[in-house]
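Trainee:
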Amino acid sequence: MTNSQKIGIFLVLSVAGWALWATGRYWLADVYYAAGQKNYQFFQKTQDSQYLISSFQSLQSAVKLNPSEPAILSEYAVDAAYLSTAVDTKNIAATAAQRAISLSPHHPNYYKSAARVYILLSDLPSAAEVLTQAAKISPTDPRLPYNLGLIYESLGQTDLARQAYEHSLSLKPDFADAKAILQKLNP
4 MTNSQKIGIF
14 LVLSVAGWAL
24 WATGRYWLAD
34 VYYAAGQKNY
44 QFFQKTQDSQ
54 YLISSFQSLQ
64 SAVKLNPSEP
74 AILSEYAVDA
84 AYLSTAVDTK
94 NIAATAAQRA
104 ISLSPHHPNY
114 YKSAARVYIL
124 LSDLPSAAEV
134 LTQAAKISPT
144 DPRLPYNLGL
154 IYESLGQTDL
164 ARQAYEHSLS
174 LKPDFADAKA
184 ILQKLNP
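Now the structure itself:
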(Lines of atoms letter the chains of each structure in order from A and count residues from 1; the text may use other names and numbers.)
(Lines give C-alpha, C1' and ligand atoms only; values in the text may rest on other atoms or scores of the structure.)
Protein backbone atom coordinates (compact mmCIF):
# COMPACT_ATOMS: atom_id res chain seq x y z
CA MET A 1 0.00 0.00 0.00
CA THR A 2 1.44 3.35 -1.03
CA ASN A 3 1.60 6.45 1.12
CA SER A 4 -1.01 8.24 -0.99
CA GLN A 5 -3.40 5.31 -0.50
CA LYS A 6 -2.80 5.44 3.25
CA ILE A 7 -3.48 9.19 3.25
CA GLY A 8 -6.63 8.64 1.19
CA ILE A 9 -7.89 5.97 3.56
CA PHE A 10 -7.10 8.20 6.53
CA LEU A 11 -9.00 11.13 4.98
CA VAL A 12 -12.03 8.99 4.15
CA LEU A 13 -12.10 7.51 7.65
CA SER A 14 -11.66 10.98 9.19
CA VAL A 15 -14.56 12.43 7.20
CA ALA A 16 -16.73 9.39 7.99
CA GLY A 17 -15.83 9.66 11.68
CA TRP A 18 -16.66 13.35 11.75
CA ALA A 19 -19.99 12.73 9.98
CA LEU A 20 -20.90 10.04 12.51
CA TRP A 21 -19.91 12.29 15.41
CA ALA A 22 -21.95 15.25 14.07
CA THR A 23 -24.99 13.06 13.36
CA GLY A 24 -24.67 11.47 16.78
CA ARG A 25 -24.68 14.89 18.45
CA TYR A 26 -27.91 15.91 16.72
CA TRP A 27 -29.49 12.55 17.47
CA LEU A 28 -28.54 12.78 21.17
CA ALA A 29 -29.86 16.36 21.31
CA ASP A 30 -33.18 15.09 19.91
CA VAL A 31 -33.26 12.31 22.52
CA TYR A 32 -32.78 14.88 25.30
CA TYR A 33 -35.37 17.16 23.66
CA ALA A 34 -37.95 14.35 23.55
CA ALA A 35 -37.24 13.48 27.20
CA GLY A 36 -37.64 17.13 28.14
CA GLN A 37 -40.98 17.37 26.34
CA LYS A 38 -42.23 14.17 27.96
CA ASN A 39 -41.29 15.33 31.46
CA TYR A 40 -42.85 18.74 30.79
CA GLN A 41 -46.12 17.05 29.79
CA PHE A 42 -46.03 15.03 33.02
CA PHE A 43 -45.39 18.26 34.92
CA GLN A 44 -48.43 19.88 33.30
CA LYS A 45 -50.62 16.92 34.27
CA THR A 46 -49.33 16.40 37.81
CA GLN A 47 -47.77 19.75 38.79
CA ASP A 48 -44.97 17.70 40.38
CA SER A 49 -41.89 19.94 40.32
CA GLN A 50 -39.58 16.95 39.91
CA TYR A 51 -40.86 16.53 36.35
CA LEU A 52 -40.16 20.19 35.63
CA ILE A 53 -36.61 19.88 36.97
CA SER A 54 -36.03 16.73 34.89
CA SER A 55 -37.44 18.47 31.85
CA PHE A 56 -35.19 21.49 32.37
CA GLN A 57 -32.10 19.29 32.79
CA SER A 58 -32.89 17.29 29.64
CA LEU A 59 -33.51 20.42 27.61
CA GLN A 60 -30.37 22.04 29.01
CA SER A 61 -28.38 19.03 27.76
CA ALA A 62 -30.10 19.31 24.38
CA VAL A 63 -29.20 23.01 24.14
CA LYS A 64 -25.56 22.23 24.94
CA LEU A 65 -25.46 19.67 22.12
CA ASN A 66 -27.45 21.72 19.59
CA PRO A 67 -27.60 25.42 20.58
CA SER A 68 -28.88 26.55 17.18
CA GLU A 69 -32.19 24.62 17.17
CA PRO A 70 -35.09 27.03 17.81
CA ALA A 71 -37.53 24.28 18.84
CA ILE A 72 -35.21 23.17 21.63
CA LEU A 73 -34.51 26.76 22.71
CA SER A 74 -38.22 27.56 22.76
CA GLU A 75 -39.09 24.67 25.09
CA TYR A 76 -36.00 25.39 27.20
CA ALA A 77 -37.16 28.99 27.61
CA VAL A 78 -40.59 27.92 28.87
CA ASP A 79 -39.07 25.51 31.40
CA ALA A 80 -36.65 28.18 32.59
CA ALA A 81 -39.55 30.60 33.01
CA TYR A 82 -41.43 28.12 35.19
CA LEU A 83 -38.30 27.52 37.24
CA SER A 84 -37.68 31.25 37.62
CA THR A 85 -40.33 31.35 40.32
CA ALA A 86 -38.13 29.10 42.46
CA VAL A 87 -34.64 30.11 41.33
CA ASP A 88 -33.19 32.96 39.32
CA THR A 89 -33.49 31.72 35.73
CA LYS A 90 -35.27 34.78 34.30
CA ASN A 91 -32.31 35.75 32.14
CA ILE A 92 -31.98 32.20 30.80
CA ALA A 93 -35.68 32.12 29.92
CA ALA A 94 -35.78 35.49 28.18
CA THR A 95 -32.51 34.93 26.35
CA ALA A 96 -33.50 31.47 25.10
CA ALA A 97 -36.90 32.74 23.95
CA GLN A 98 -35.34 35.61 22.00
CA ARG A 99 -32.69 33.33 20.52
CA ALA A 100 -35.36 30.88 19.32
CA ILE A 101 -37.12 33.77 17.59
CA SER A 102 -33.92 35.11 16.05
CA LEU A 103 -33.01 31.65 14.71
CA SER A 104 -36.44 31.15 13.14
CA PRO A 105 -38.10 34.57 12.80
CA HIS A 106 -40.92 33.37 10.53
CA HIS A 107 -42.34 30.66 12.79
CA PRO A 108 -45.25 31.94 14.93
CA ASN A 109 -45.02 29.11 17.49
CA TYR A 110 -41.72 30.47 18.79
CA TYR A 111 -43.35 33.85 19.32
CA LYS A 112 -46.19 32.13 21.20
CA SER A 113 -43.67 30.34 23.41
CA ALA A 114 -41.86 33.62 24.02
CA ALA A 115 -45.15 35.24 25.02
CA ARG A 116 -45.80 32.38 27.43
CA VAL A 117 -42.30 32.91 28.86
CA TYR A 118 -42.91 36.62 29.38
CA ILE A 119 -46.28 35.96 30.99
CA LEU A 120 -44.66 33.49 33.39
CA LEU A 121 -42.00 36.12 34.13
CA SER A 122 -44.77 38.71 34.74
CA ASP A 123 -43.50 40.86 31.86
CA LEU A 124 -46.84 41.50 30.14
CA PRO A 125 -45.65 44.39 27.91
CA SER A 126 -43.00 42.12 26.37
CA ALA A 127 -45.60 39.36 25.97
CA ALA A 128 -47.86 41.81 24.13
CA GLU A 129 -44.96 42.86 21.91
CA VAL A 130 -44.07 39.33 20.79
CA LEU A 131 -47.73 38.42 20.23
CA THR A 132 -48.08 41.53 18.06
CA GLN A 133 -45.08 40.33 16.04
CA ALA A 134 -46.61 36.84 15.80
CA ALA A 135 -49.86 38.33 14.50
CA LYS A 136 -47.91 40.00 11.68
CA ILE A 137 -46.41 36.63 10.74
CA SER A 138 -49.66 34.70 11.08
CA PRO A 139 -52.40 37.28 10.38
CA THR A 140 -55.21 34.70 10.10
CA ASP A 141 -54.74 33.07 13.52
CA PRO A 142 -57.68 34.24 15.71
CA ARG A 143 -56.01 33.07 18.94
CA LEU A 144 -53.22 35.62 18.61
CA PRO A 145 -55.40 38.74 18.86
CA TYR A 146 -57.53 36.97 21.47
CA ASN A 147 -54.50 36.31 23.68
CA LEU A 148 -53.29 39.83 23.00
CA GLY A 149 -56.67 41.06 24.23
CA LEU A 150 -56.26 39.07 27.44
CA ILE A 151 -52.89 40.70 28.02
CA TYR A 152 -54.21 44.19 27.28
CA GLU A 153 -57.08 43.55 29.65
CA SER A 154 -54.62 42.49 32.37
CA LEU A 155 -52.66 45.68 31.74
CA GLY A 156 -55.85 47.73 32.17
CA GLN A 157 -55.91 48.80 28.51
CA THR A 158 -59.57 48.05 27.90
CA ASP A 159 -59.86 49.85 24.55
CA LEU A 160 -56.93 47.92 23.08
CA ALA A 161 -58.35 44.70 24.54
CA ARG A 162 -61.73 45.39 22.93
CA GLN A 163 -60.06 46.05 19.56
CA ALA A 164 -58.09 42.81 19.84
CA TYR A 165 -61.20 40.77 20.68
CA GLU A 166 -63.09 42.37 17.78
CA HIS A 167 -60.21 41.56 15.44
CA SER A 168 -60.24 37.98 16.71
CA LEU A 169 -63.96 37.74 15.95
CA SER A 170 -63.42 39.19 12.48
CA LEU A 171 -61.05 36.29 11.82
CA LYS A 172 -63.32 33.67 13.38
CA PRO A 173 -66.92 34.89 13.87
CA ASP A 174 -67.92 31.83 15.95
CA PHE A 175 -65.07 32.23 18.48
CA ALA A 176 -67.08 31.72 21.69
CA ASP A 177 -64.38 32.84 24.14
CA ALA A 178 -63.82 36.13 22.33
CA LYS A 179 -67.58 36.74 22.09
CA ALA A 180 -68.08 36.12 25.82
CA ILE A 181 -65.30 38.46 26.90
CA LEU A 182 -66.38 41.14 24.43
CA GLN A 183 -69.93 40.97 25.82
CA LYS A 184 -68.54 41.51 29.32
CA LEU A 185 -66.57 44.54 28.10
CA ASN A 186 -69.60 45.94 26.25
CA PRO A 187 -72.45 45.74 28.76
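According to our numbering, the sequence shown is numbered sequentially starting from 4. Virtual Cβ for every residue (Gly too), placed ideally from N, Cα, C. For clarity, every value in this text was computed on a predicted model and none was experimentally measured.
Quick check on Ser52: does DSSP put it in helix, strand or coil?
Mentor: Of the three classes helix, strand and coil, the one that applies to Ser52 here is helix, per DSSP.
Trainee: Which residues in the same chain have their Cβ closer than 6 Å to the Cβ of Ala32, if we skip the five residues on either side of it in sequence?
Mentor: Once the five neighbours on either side are set aside, the close Cβ partners of Ala32 are Ala65, Leu68, Asn69.
Trainee: Which stretch, first to last residue, makes up the alpha helix (DSSP H) that contains Gly152?
Mentor: Looking at the DSSP string, the run of the alpha helix (DSSP H) that includes Gly152 is 146–157.
Trainee: Could you tell me which of Ser173, Glu78, Glu169 sits nearest to Leu185, measuring between CA atoms?
Mentor: Checked all of Ser173, Glu78, Glu169; the closest Cα to Leu185 is Glu169.
Trainee: Can you look up Asp33 in the DSSP assignment and give me helix, strand or coil?
Mentor: If DSSP states are grouped into helix, strand and coil, Asp33 belongs with the helices.
Trainee: Per DSSP, what kind of secondary structure is Phe45 in: helix, strand or coil?
Mentor: The answer is helix: DSSP assigns Phe45 an H, G or I state.
Trainee: Let me see if you follow: with CB-CB separation under 8 Å, is Gln40 close to chain B or not?
Mentor: Among the chains of the structure shown, chain B does not appear; only one protein chain is present.
Trainee: By alpha-carbon positions, which one of His109, Leu172, Ala131 ends up nearest to Ala118?
Mentor: Closest by alpha carbon: Ala131.
Trainee: I need the straight-line Cα distance from Leu203 to Ala164, nearest angstrom please.
Mentor: Because the chain is modelled from 4 through 190, residue 203 falls outside the range shown and cannot be assessed.
Trainee: Tell me the DSSP secondary structure of Asn6 in three-state form.
Mentor: Of the three classes helix, strand and coil, the one that applies to Asn6 here is helix, per DSSP.
Trainee: Please classify Ser17 as buried or exposed, where buried requires at least 16 other C-beta atoms within 10 Å of its C-beta.
Mentor: With fewer than 16 Cβ atoms within 10 Å of its Cβ, Ser17 is classed as exposed.
Trainee: Comparing alpha-carbon positions, which option in Lys187, Ser141, Lys139 lies nearest Leu153?
Mentor: Of Lys187, Ser141, Lys139, the residue nearest in Cα terms is Lys187.
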